[in-house]
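Report on the structure given below.
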Amino acid sequence: MAVVIREEIMIETIQIFLTQFPPSLATVLLAALPITELRLAIPIAIHEWLLNPFSALGWALIGNFLPFFPLYYGLGALRRLSERYTPWFTRVIDASVDRAENRVKEKYARYGAFALFLFTALPLPLTGLYTATLAAVALKVPVKYALIGVTSGILVAGIIVTLLSVNVATFF
């Protein structure tokens with residue numbers, strides 16, 4: 002319970018910080034963060050920052066996609082650097098990669114690169130771009146297939162989240 006409360010406070014703090022930016026930029030930044038991604042950026046953009054759903058989706062997709070290449074190509078370099086200067090951070094990186102690999106490994110063995118799409122397309126906690134990209138790196142998925150799977154997955158997840166965000170008012 003304490004973890005949930007801390008997470009809510011952290012997200013609220015991030016949201017307050019982002020109010021100093023225009024809504025479109027705030028949506029990009031919120032979607033680029035690993036804890037929020039587009040799963041939270043879209044509803045906040047629509048209901049708090051009053052962006053129209055198409056704009057919210059577009060800005061969130063851009064923001065959510067931004068970390069792909071730095072994460073895919075930079076993880077190895079970051080690990081080597083941390084191994085040299087901050088060994089404790091190497092353990093954090095390794096644990097994150099191991100967790101991501103374990104979440105996707107079985108599906109990847111069964112469905113191949115299509116598993117990255119399935120994993121990313123479901124808008125559930127810890128199934129976003131960060132986890133899928135970490136898993137792609139751990140499973141040594143070629144960038145071409147990782148890019149196609151993850152990109153199409155975030156597109157589908159974005160559409161699902163947008164539809165739910167727009168229609169949630171109908172249910173309440």
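Mapping to this note's numbering: the sequence shown position 29 is 30, numbers consecutive. By construction, the Cβ of each residue, glycine as well, lies at the ideal position given by its N, Cα and C atoms.
On the three-state DSSP scale, how would you describe residue i?
i                : result
isoleucine 36    : coil
proline 71       : helix
glutamate 9      : helix
phenylalanine 55 : helix
valine 142       : coil
phenylalanine 22 : coil
glutamate 84     : helix
tryptophan 50    : coil
Alpha carbon to alpha carbon, how far is residue i from residue j?
i                : j             : result
proline 35       : tyrosine 131  : 6 Å
aspartate 99     : leucine 58    : 31 Å
leucine 26       : isoleucine 12 : 17 Å
glycine 133      : proline 71    : One detail in the question is off: residue 133 reads as alanine in this sequence, not glycine. So the two alpha carbons sit approximately 14 Å from each other.
asparagine 53    : threonine 28  : 12 Å
alanine 78       : proline 44    : 34 Å
isoleucine 63    : valine 144    : 19 Å
histidine 48     : glutamate 84  : 43 Å
asparagine 218   : threonine 37  : The displayed coordinates of the chain run from 2 to 173. Any statement about residue 218 would go beyond what the structure contains.
isoleucine 10    : glutamine 16  : 10 Å
phenylalanine 18 : leucine 31    : 10 Å
alanine 116      : lysine 108    : 6 Å
valine 169       : arginine 40   : 14 Å
serine 56        : alanine 46    : 9 Å
valine 93        : tyrosine 86   : 14 Å
alanine 110      : alanine 96    : 21 Å
Could you tell me whether the Cβ atoms of residue i and residue j are closer together than 7 Å?
i            : j                 : result
alanine 114  : alanine 136       : no
alanine 158  : proline 124       : yes
valine 105   : phenylalanine 118 : no
alanine 61   : alanine 33        : no
proline 24   : tryptophan 50     : yes
valine 142   : leucine 76        : no
isoleucine 6 : asparagine 65     : no
Considering only the alpha carbon of each residue, which of the options lies closest to residue i?
i              : options                         : result
isoleucine 161 : Ala122, Ala110, Gly64 and His48 : Ala122
threonine 128  : Gly150, Trp60 and Glu9          : Gly150
arginine 81    : Ile155, Arg7 and Thr91          : Thr91
Quick one: complete alpha helix (DSSP H) runs, 4+ long, within the region 90 to 129?
115 to 122
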